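A.B. asks: The structure that follows is given in the form of structure tokens.
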Amino acid sequence: MIQMKMFKNIYGMLLLLALSSCSKDFLNLTPDSEPNAEDFYQTEEQFEQAVNGVYQTLRATVNESGYLMGEMRSDNTHYDYYAPDRGIHIIRRENLDDFLDDSQNQWTNDYFNNCYVGIAKANTILDRIEAATFDQSAKDPIIGETKFLRAYYYFNLVRYFGGVPLHMKEVLKQEDAFLPRSSVDEVYELVINDLTDAIAKLPEPSFPQNGRATKGSASMMLAEVYMTRKDFAAAEPLLRSITTMGYDLLPNYADVFSTGNKNSRESIFEIQFMMGDQGQQSMFTYWFIPKSNDVALITGVTSNTLNYGGWNVPTADMMETYEAGDSRKNASVGVAEGVIGSDGSFTIQAVKNSDGYTTPSGKVSKLFVKKYLHQHNRERNTDDNWPIYRYSDALLLFAECLNENGKAGEALQYINQVRKRAGVTLPAITTTGKQALAEAIAHERRVELAYENHRWHDLVRTGKAIEVMNAHGVEMKQQYNYISKNAYKVTENRLIFPIPYLEMQLNNQLTQNPGY
Amino acid sequence: MSITCLMLLLPTFGAFAQEQITVQGTVRDDRGTVPGVSILIQNTKQGTKTDAAGKYQLEVDRGAKLIFTAIGYRDTIITATNSPLNVTLQVEAKALDEVVISYGTQQRKEVTGAIAQIDASEMKDVPVGQFSQKLQGRIPGVQISQTTGRPGQGMAVRVRGSASMNAGSTPLYVVDGQPITGDIANINPDEIESFSVLKDASATALYGSRAANGVILVTTKKGKGDGVHVSLSSYGGLQYVPQRGRPDVMNAREFAQWQKEFYEDKIKYENWVNPATGVAEIPDDYKNPEQYGEGTDWYDVLLRQGAPIQNYSLSVTANSEKFSTAVTGGYFNQQGVVVNTGYQRYSFRANNQFRPNDKLTLGFNIAPTLQLDHNTTTNTDGQRQVIDGAFITSPISPAINPDGSLPITTNTFGMFPNPNWYRVMKEKLDNRKRTRILGNVYGEYQILEGLKFKTSANVDVEAFTQQVFASSTSGGGLFVAPPQPANGAYNTQTYYSWLNENVLTYNKTIGDHTFDLLAGYTTQKYRQENSGINKTDFPSDDIPWLSAGATVTNGSSSTTAWSLESLIGRLNYSFKGRYLLSAALRGDGSSRFGSDKKWGSFPSVSLGWIASEENFLKANEKVSFLKLRASYGLVGNNNIGDYRSIAMMGTTNYVISGSLTQGLSITSLGNPILSWETTKQLDVGLELGLLHDRISLVYDYYRKKTDGMLYPVELPRASGFSSVWTNIGAFKFWGHEVGISTKNLTGTLKWSTDLNITLNRNEVLQLGTNDTPIGGFADQGDYNRTAVGHPIGQFYGYVYDGVYMTQEEFDSQPKHESSDIGTVRMKDLNNDGVIDNNDRTFIGDPNPDFIFGLTNSFHYKDWDLSFLIAGSVGGQTMDATYENVENIDGVFNMRKEMKDVWRSPENPGNGEVPRTLTGTTALFRFTNSRWVFSSTYVSLRNITLGKNFAIRDNNYIKNIRAYLSIQEALMLTKYPGMNPEVSARGDNPLQLGIDQTAYPVPRTFTVGINVGF
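Heads up: the protein sequence lines correspond to chains V and R, in order. Just so we're aligned, residue 1 is where the first sequence starts under my numbering, counting upward by one. Just so we're aligned, residue 517 is where the second sequence starts under my numbering, counting upward by one.
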């Protein structure tokens, strides 16, 4: 009996001991193989890692949504119609070219969502950096980069979708997530404020560049913002300042895009990629080359592009607009020549230059954008960066700005600088009539920045989109019989895309863009 | 002093002494002698037991009362008289008087919660590999469906229509008191003694934190009876896939004819020119349909009819006063009915109990198992995966060349390139090995009379490895044909989970009052580690191991853990054996919840009244048992990811200066107030036994409300996040369960019937912000919508309305932007003259009106026959394969009905199938009401005929039983697909009833032999 009691007492004590020591920590588990936000956003190194995260989201703006909305939407490019596959993912890409898209289009919806992922990351940094205890001089470039990137996302959102919800603070809980749409002016106000602050905080470009945003990048973007808002007076000094920051054109147009010349003197801002196994690769070229069972003759790598390729194909009108002697034609566009088999598939037999090419009889030829085609080892794993702003873009924009401000004479040197690089035999522009010069600059921008997702924005901001695209539509319907008769009805409403359907369902404070 | 007392006592003792006599005799029942019967002298602790021949002998006082007790018999009290004192025992009507409940057992009649107990022996001859398959159709309130026929998998179990948005709908499985964290397919059904399904709040209260979906208690066999018993049970059989329900796609000639007409229309309406020749002509493949015969039946090519299934279990039990053991070893092998698939399981279990003295019991159970899955967890099921991809392949293309070699790809003009799916299955390599050990050690000590303490340590450990290799000739998929670079992967996962339970119980009877108290403290921890490597660039297909691969494409390792801590308490009280009360409380803390919200408490109470013990009913001849009971309580659910309350970050690397630079960003929002999901449940029940329990009826009505559901509330994407885990939303469930058992005939021919019918209903009360519905937004692939005011997971889409047959119809009726004369017409539900997204609505309901199961058993002398019929009435299934087999773009094979295409106003087809004009066919492939079918079915699940051979005069073999059994003997249903229970996303209760093709459920013919030694 006595032994029993002792046993009971000992066990009782052990139990109490166990209870008191276990409880607190036993239930507090944090993940061991993933980092969590409680311990982060404190040191300079952590903020730098956070900024890198904001950069990483840039890639989503130049994936398929990028070219579909910014280039294929315009008169520069079309698609290679592939009858066998009428899957919804194919049809929705075609819809963007044909102006038949709706609010369920995954490409415009992804673009919208991805911009906001970037904005959320930026807001988190900006909200928390003030409380961090490291040097202001180290904080400034971080704030500058973050604001530049946030402005990039909002600038693209407002151009593509109109006024959008303006999130300027980190979303911490559910209630913070629901905001109504702001007006176009309010969004531009934020963009201009962010860029102005970024210009102040970012360093001047130093060469060789590493890919981070610089004072030049921010100045260029702000200039484009002002040009879009038709505030030519404010744009001029910014563009002028860019010409003194040390940028220069590379001697050869084709070299600008070579993977050996990343972040060159001509590069004002480009989105970085790197081929290999670390998840940093790009695959632009695989969307642009023709659909075929094997594209090894084009890429040097065996690959089946039936699921990927055939998009952003230069239109006949685009090819005709290149002047004789313009090296940009060959540098930007290639031709795949081959035959169509009995099962409807395209077999590539040769790759030719596009300049001066005619299709031999018995063969079929397909054009493709080759700007982003460079040596690589594995399929869909390329090294190419995507240029956002180049020095030639700055020069042409400067010329356009000067022309608008009545300084046509000064503008000529810049446009001719770009033309001379493109082809020594190209005649210089001499006209100083505002209208004529504006058209010459518009043409120059079209061929210089072709396939870089600029054309649509240029058409919209110069007010030419409706006229040009309707005319283009007439041509396309004549040329191709698969285009629906409802296509290319380009009105004011079609200058922006619809707010995503899911977003409209989730947030009842939003109103849809007219016509959708 | 003490010696004097003793000597004083002796005479007194002597004065009271009675006459001592020796009593002896034999104890029998209606079949023969009964060994192991316990004989106790009333009011003493003295007694004896009958031996193997049923004989006993005992010294007693004359006139003392002897109590004869044995399991399965009524207690018999006889006054001791001179020998011989032979006793005949009466069989107890209910053989199992005790029911297994949470943390113990209780007398069946005193149970106040809703519990269904079923003995494994009732289902012993059902030839299936998983024990949940055995339970199909047998328990009221429990819906068990087989959503896919993959060997070793596919059972979806729902108790009372349980559904939670994200915390799962599977019940908690507890094996011998140990809650199981992984799946339960590793358990050999032959190890199981009985199942208890706990359905209401009161019964499940002590598992409160994980009991929202019900609890299934599994009790494995222990040693009992007397001596050593050995038994062997084995069966072998063959499996066949029936013809009914196979996809009715076109054969080669029909397909070529269809394509010929397709291209004729293309030439006529679209100026189509054959790109290969430059001329407007039909492609070569389809020019002469008459040259083709049947072609390839792709579905049939993948099947291996007559695939064998076999099972062997050897079980040894021994029982003596101080020690009992039950050891079972088994081997199960099911080769799949799809080629090159199969499942094997090696299992072993040893349950040992030691009783060194009458106060202490020690136990040690261990059950290691090894499961080998060969290609059974791979991509056979699902949209455009192997099986679906196969029957939409061109029937003109061969699966096997005339010379016996296998082509690498198969397609004809205008179709997508795809692999030869037969070759893909033949060359597939996806082997999973799972080694699992369940073990527990426990000790139970009786501290005082009625006061017991039990402590146990339970362990669940699993190591899983998976080797995958896709050869260059079988890789790729739809749209991407081989040859593709070969790739391989090797993945591992190990977990261990330990549980420590300490429980103190006390029972006391004071006069008419009986108390049964329980208090306990438990802790549980789980940790898992994963790793995986993928490689490509193999020089050849010969070596399927990663050592041969040149390039690593992915490699990672990670870990996760959770913990649980609980306090439990219960009181069972009964007054006069007929007024019953049970109250329980459980407090749980989980590591998964926010720092302020880790603990939840789950109380419950239940009452019962055994009306048949009352004086006004006691003498009633007709009513032998009547009990009314009611319960109410709260249970919880914490079955979400381990770290959802914490804002997690993810790697978001970038490239600066041409090299990889670290980036980290918040990838999911945290929620510090994330807490338990709770379900309040009310249950009212009636148990009735009539005519000496020849008819017994159990009826339950339940109402549940699940609140604070753990759900990733969708956020506007403008926030940068897609969702945040919150406690939001409420569902309501209610229903009726009826179980009737009758012994229709009890003479030489015995016939008994068990019928159960369950009605489950549910309704969505509240969802996330603005009550935004879940699902049903996209035109394709988003089939179910859960919305407030509707049942969970109804189908959502367009309402099909035929075809615009004439120009006049087209001109006058509402149109879609892709419409033209001859194209499909959907209903314009909002009457705005336009067919668009706003014309989609609820088009069907996967929830059945009721489900039932009926078992009939016949015994005649040595023969027995039983059959189980199960069915579901009133639900619907959506055949989502129509998205592919009604694709009229000429890229897939199609249903035969598609041949009657609208071709012109003069040739409008059958009025169901629209025209093939480019740009107009997508709408026909959006989710619509045409794909919704009734899933009402009645199936003869199992029919078994057996014979017992009694062996006399043999020291080694006691009895042999042989039987024939057919599983899935017959299926009667209007559903055109193979399996009306199919559910592609079966583990998600919000997305039920979708058929995207699944591994077929075969019909199995088996022969079995059970031998008792």
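All C-beta atoms in this analysis are idealised placements derived from N, C-alpha and C, irrespective of residue type, glycine included. Since the structure is predicted, the reported quantities are computational estimates derived from the model, not experimental observations.
#1: Establish whether the CB of N113 (chain V) and some CB of chain R are separated by less than 9 Å.
#2: Three-state secondary structure (DSSP) at P884 (chain R)?
#3: So P1492 (chain R) and G761 (chain R) are in contact, right, with Cβ under 8 Å, and what is the actual spacing, rounded?
#4: Shortest alpha-carbon distance to R1043 (chain R) belongs to which of R:W1014, R:D1028, R:V1068 and R:L1062?
#5: Kindly indicate which three-state DSSP category L545 (chain V) falls into: helix, strand or coil?
#6: At a CB-CB cut-off below 9 Å, which residues of chain V make contact with V1407 (chain R)?
#7: Using a C-beta cutoff of 9 Å, does R1441 (chain R) count as contacting chain C?
#8: Output the distance between the C-alpha atoms of A450 (chain V) and S1173 (chain R), rounded to the nearest integer angstrom.
#9: In whole angstroms, what separates the C-alpha of Q623 (chain R) from that of S1184 (chain R)?
#10: According to DSSP, Q755 (chain R) sits in a beta bridge with which residue or residues?
#11: Grab me the residues of G1201 (chain R)'s own chain with a C-beta within less than 6 Å of its C-beta, minus the 5 sequence neighbours each way, in chain order.
#12: Would you please state the rounded distance, in angstroms, between the beta carbons of I912 (chain R) and A1064 (chain R)? I believe it to be under 8 Å.
#13: What residues in the segment 138-171 of chain V have a beta carbon less than 8 Å from any beta carbon of chain R?
#14: So, is I1026 (chain R) buried or exposed, given that buried needs 16 or more other C-beta atoms within 10 angstroms?
#15: Check M274 (chain V) in the structure and name its three-state DSSP category.
#16: List the residues of chain R whose Cβ lies closer than 8 Å to the Cβ of I340 (chain V), in chain order.
#17: Whose C-beta lies closer than 7 Å to the C-beta of P165 (chain V) among residues of the same chain, with five residues either side of it excluded?
#18: So Y1170 (chain R) contacts chain V; which residues on that side make the cut at Cβ distance below 7 Å?
#19: Does any residue of chain R have a CB that is nearer than 9 Å to the CB of D520 (chain V)?
#20: In chain V, which residues lie with their C-beta within 8 Å of the C-beta of I1162 (chain R)?
#21: Looking only at C-alpha atoms, which of R:F1118, R:I882 and R:E1428 sits nearest to D976 (chain R)?
#22: P923 (chain R) touches chain V at which residues, Cβ-Cβ below 7 Å?
#23: So, does the segment 491-507 of chain V touch the segment 535-547 of chain R, judging by three or more C-beta pairs under 8 Å?
#24: Could you work out which residues of chain V lie near M766 (chain R), taking near to mean beta carbons separated by less than 7 Å?
#25: Using Cβ-Cβ distances below 9 Å, what residues of the segment 1280-1296 of chain R are close to chain V?
#26: When the Cα of Q281 (chain V) is compared with those of V:H376, V:D194 and V:K371, which residue comes out closest?
#27: Quick check on the DSSP output: the beta strand (DSSP E) that includes F1374 (chain R) runs from which residue to which?
#28: Going along chain R, which residues have a C-beta under 9 Å from V460 (chain V)?
#29: Per DSSP, what kind of secondary structure is V335 (chain V) in: helix, strand or coil?
#30: Output needed for L1370 (chain R): all residues of its chain with C-beta closer than 6 Å, excluding positions within five of it in sequence on either side, in chain order.
#31: Residues in its own chain within less than 6 Å of S1047 (chain R) by CB, not counting five upstream and five downstream?
#32: Identify whether Q478 (chain V) lies in helix, strand or coil by the three-state DSSP scheme.
#33: Do we get a CB-CB distance below 9 Å when we pair A336 (chain V) with the residues of chain R?
#34: Checking contacts by CB at 9 Å: is Y1227 (chain R) closer than that to chain V?
#35: Of all the residues that make up the segment 256-270 of chain V, which are near chain R by a beta-carbon distance shorter than 9 Å?
#36: I1359 (chain R) and S1239 (chain R): beta carbons closer than 9 Å?
C.D. replies: Straight from the coordinates:
#1: yes
#2: strand
#3: 7 Å
#4: R:W1014
#5: Only positions 1 to 516 of chain V appear in this structure, which leaves residue 545 (chain V) out of reach.
#6: P84, D85, R86 and G87
#7: No chain C is present in this structure, whose protein chains are V and R.
#8: 26 Å
#9: 50 Å
#10: R:A823 and R:T1520
#11: A630, R1145 and D1216
#12: Incorrect: roughly 37 Å between the Cβ atoms, too far for contact.
#13: V164, P165, H167 and V171
#14: exposed
#15: coil
#16: P791 and A792
#17: L179, P180, R181 and S182
#18: N52, Y55, Q56 and Q272
#19: The structure shown does not extend to residue 520 (chain V), since chain V is modelled only from 1 through 516, so no value can be given for it.
#20: T30, P31, N36, A37 and E38
#21: R:I882
#22: In chain order: nothing, as chain V lies at least about 14 Å away.
#23: no
#24: Here the premise fails: no neighbours, minimum Cβ distance about 18 Å.
#25: G1284, T1285, N1286, T1288, P1289, F1293, A1294, D1295 and Q1296
#26: V:H376
#27: F1366 to Y1376
#28: Here the premise fails: no neighbours, minimum Cβ distance about 23 Å.
#29: strand
#30: L1271 and I1385
#31: T1008 and S1073
#32: helix
#33: no
#34: no
#35: K262 and N263
#36: no
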